[in-house]
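Colleague:
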Amino acid sequence: MHTKWTDEELAIIEAKAELYTPKQIASILKRHGYFRTPIAIATKLWALGYSTSPFLDNYSSAEIARVLCVHSTTVSGWVRRGWLKTSRHSSKRYQVRRWHLKQFFDNPPQHLTHIPHFNLKYELISVNDNAKN
499 MHTKWTDEEL AIIEAKAELY TPKQIASILK RHGYFRTPIA IATKLWALGY
549 STSPFLDNYS SAEIARVLCV HSTTVSGWVR RGWLKTSRHS SKRYQVRRWH
599 LKQFFDNPPQ HLTHIPHFNL KYELISVNDN AKN
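499 is the number of the first residue of the sequence shown in the numbering used here; add one for each residue after it.
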């Protein structure tokens, strides 16, 4: 039987999504009195546009779009044009590895440099590097 996610559960998994594995998040939820399997948590994180890898080894198009202040379809367009390399997890979802994102920022298509937040390019990457140290 499928149990609807509560607002508190969603708040917890969104707060922990970037630093913890689904298994660790399941333990945190259990301490708060909720029971969700790691698979259910991973599925929900994926549906919300989060990576299920801790320390942001992979980024979803939604995560990249949020930081750059562009729509996620813009990021998907970069993928379709071959400007940004990804591994596809389904027909509509992409996961971008950290080094592919770095390559994209190091050699962007010329017309993308006008995006105001494009200069925040290393924000996603530096968060990952700091988390590992």
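Think of the CB as a built atom: it goes at the ideal place given N, C-alpha and C, for glycine as much as any other residue. Remember, it's a predicted structure, so these values are computed and weren't measured experimentally.
With DSSP run on the structure shown, which of helix, strand or coil describes ARG564?
Modeller: Reduced to three states, the DSSP call for ARG564 is helix.
Colleague: Where do the N-terminal and C-terminal ends of the beta strand (DSSP E) with GLN601 fall, by residue?
Modeller: Unbroken run through GLN601 is the alpha helix (DSSP H), 596-604; no beta strand (DSSP E).
Colleague: Quick check on this structure: which residue in ILE526, VAL594, LEU543 has the alpha carbon closest to the alpha carbon of ALA563?
Modeller: Per the Cα distances, VAL594.
Colleague: To the nearest angstrom, how far is the alpha carbon of THR572 from that of ARG579?
Modeller: If you take the alpha carbons of THR572 and ARG579, they lie about 11 Å apart.
Colleague: Any idea which residues DSSP pairs TRP570 with across the strands?
Modeller: The sequence given here has Ser at residue 570, not Trp. Paired residue(s): none; SER570 is not in a bridge.
Colleague: Starting from TYR557, trace the beta strand (DSSP E) both ways and give me its first and last residue.
Modeller: That run of the beta strand (DSSP E) goes 556-558.
Colleague: Quick one: what's got a C-beta closer than 8 Å to ILE537's C-beta in the same chain, skipping five residues either side?
Modeller: These residues qualify, in order along the chain: PRO520.
Colleague: With TYR557 and LEU517 assumed to form a contact (beta carbons below 8 Å), what rounded beta-carbon distance in angstroms separates them?
Modeller: Actually they do not touch by this definition, with Cβ atoms about 14 Å apart.
Colleague: Tell me where the alpha helix (DSSP H) around ARG529 begins and ends.
Modeller: Per DSSP, ARG529 belongs to the alpha helix (DSSP H) from 520-529.
Colleague: Would you kindly report the start and end of the unbroken alpha helix (DSSP H) that includes THR541?
Modeller: That run of the alpha helix (DSSP H) goes 536-545.
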